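Notes follow the structure.
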Ligand code: NAD
Ligand code: UDP
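Numbering (the numbering used here), first residue to last: 851 to 1167.
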């Protein structure tokens, strides 16, 4: 085993996805060996193509709902489609990925005595009755709706993490990630930031679901990755769950107007039906991350949007 100052062998499941690809890159930059495991359900080889030539990087096509036998020191379990459109396309597979995937990765962590971090989500709070959301809030989740495959799958994964911790003494870390955006989101990802930017750049209508009064808090991917890595490096007695997100709260309409202004687009705002169970408000209380990880986001929405717009300008040209 290695201590926190040594170079490690790190497994990143979902490593060819949006967040995972940034995490793999940061880990390699710190000198670690990185094993990126992905079934390319929503991720792409092109997200990690620039890492393939690096000697400490390895890419393995594998579905985490099946057991995996590798030797590693740390595991970041990110495998799971994150966009509502994609996780609702095959909801049974989404739940399997969260639940069977967690069991398989926890089993692996137990066998090789690895430390393991779960990419959980603000969706565990559902349509929250507490605002901003703190980790002590148990949530308001519909167990039988169209978002449930994701929300309940992630909640069950958290349960599994804590039971492996209590029952098998596993070193676990649970991060509750709030809406994150940045370069390498898929142009057809379906999430709001990528949708609005791509629509604005193409001069297509900007699709606001509902009246656009619902709010979200948007975290730039570099900040998020920093938070995940700091969480992994905490003492073994700190398990989380810990919110990682940017507390700047914006309505979806405000976001659309910002994107329009920043892209100088002539796209029109159009209003579409609000999907069922769409949370009304979402904003993290990050005091736990601030005190235990010494972490706060540093990238303002305008700055992060600017970088993301630059990325999509190239990506969809
Ligand atoms: P993403 O869809 O870009 O990445 C997910 C990756 O997991 C993809 O590469 C996909 O191919 C892979 N994957 C899916 N099912 C798999 C399986 N069965 N086996 C192996 N690989 C599989 O999404 P993302 O935004 O990068 O999200 C990464 C993680 O962070 C997810 O677990 C997501 O739930 C969590 N998260 C993300 C956000 C966000 O705003 N981006 C918010 C909360 C939580
Ligand atoms: N949304 C929207 N137009 C879009 C895509 C999303 O108005 O083209 C809204 C969606 O209804 C939700 C918010 O933006 O209220 C964030 O949606 P996203 O899918 O990005 O993430 P989540 O709902 O999981 O937070």
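By construction, the Cβ of each residue, glycine as well, lies at the ideal position given by its N, Cα and C atoms. As the structure is a prediction and not an experimental result, all values here were calculated from the model.
Self-check item: Cα-Cα separation between residue 930 and residue 949, rounded to whole angstroms
Solution: 10 Å
Quiz item: Between 878, 1135, 1149, which lies nearest to residue 1032 when the distance is taken from Cα to Cα?
Solution: 1149
Quiz prompt | Proximity of residue 1053 and residue 1106 at Cβ, strictly below 8 Å | solution = no
Quiz item: Rounded C-beta distance between residue 1050 and residue 1110? I'm assuming under 8 Å.
Solution: 6 Å
Quiz item: What three-state label does DSSP hand residue 999 in the structure shown?
Solution: helix
Exercise. Give the range of the beta strand (DSSP E) segment to which residue 910 is assigned.
Key: 907 to 911
Quiz item: Cα-Cα, which of 875, 888, 917 is closest to residue 905?
Solution: 875
Quiz prompt | Cβ-based burial, residue 1145 [other Cβ within 10 Å; buried from 16] | solution = buried
Self-check item: Span of the beta strand (DSSP E), counted from its first residue to its last, around residue 1100
Solution: 1099 to 1101
Exercise. Give the straight-line distance between the Cα atoms of residue 935 and residue 1019, rounded to the nearest whole angstrom.
Key: 37 Å
Quiz prompt | Beta-carbon spacing of residue 884, residue 910 below 8 Å | solution = no
Quiz item: Mind checking whether the beta-carbon of residue 931 lies closer than 7 Å to any heavy atom of ligand 2?
Solution: no
Exercise. Answer yes or no: does any C-beta atom of chain C fall closer than 8 Å to that of residue 872?
Key: Among the protein chains of the structure shown there is no chain C, as only one such chain exists.
Practice problem: Starting from the C-beta of residue 1138, find all residues in its chain whose C-beta is less than 7 Å away, skip the five residues before and the five after it, and write them out in chain order. | Solution: 985, 1092, 1093
Quiz item: Which value, in whole angstroms, describes the spacing of the CA atoms of residue 899 and residue 998?
Solution: 33 Å
Quiz prompt | CA nearest to the CA of residue 861, picked from 892, 962, 1064, 939 | solution = 962
Self-check item: Rounded distance between the beta-carbons of residue 1067 and residue 1029, thought under 8 Å
Solution: 6 Å
Exercise. Would you mind working out which of 1047, 1065, 1090, 1101 sits nearest residue 1118, comparing C-alpha positions?
Key: 1047
Practice problem: Can you tell me which of the three DSSP states residue 926 falls into? | Solution: strand
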